[in-house]
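Undergrad:
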Amino acid sequence: MLRQIIGQAKKHPSLIPLFIFIGAGGTGAALYVTRLALFNPDVSWDRKNNPEPWNKLGPNDHICLSLSQLPHLA
């Protein structure tokens, strides 16, 4: 696939910016999803030390699971 992209870029040099921006967008999206998965406090990857993270919520923590739970927004 990379060989085909390079061949198209050689035949049509005006496609090079398109390849650059599509690659940068894909890379940025992948990095953003990785950041959300690793550093978001709502995601728990540790099953042994924290098997039920929802039990550690404080009284002021607001977690909305669906809009049906908030009748003023539905």
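Here the sequence shown stands for residues 385 to 458, numbered as in our numbering.
Each residue gets a CB set at the ideal place from its N, CA and C atoms; glycine is no exception.
Keep in mind it's a predicted model, so treat the numbers as computed, not measured.
(1) Is the separation between the beta-carbon of A408 and that of I400 shorter than 8 Å?
(2) Just reading off the alpha helix (DSSP H) that L422 is part of, what are its end residues?
(3) For F403, collect the residues of the same chain with a Cβ closer than 7 Å to its Cβ; drop the 5 residues on either side in sequence, then sort them by chain order.
(4) Take H464 as the anchor and find which of R419, A414 and D426 has the nearest alpha-carbon.
(5) In whole angstroms, what is the alpha-carbon distance linking G410 and K395?
TA: Once the coordinates are examined:
(1) no
(2) I400 to F423
(3) I389 and A393
(4) Shown here, the chain extends from 385 to 458; a query on residue 464 therefore has no answer.
(5) 24 Å
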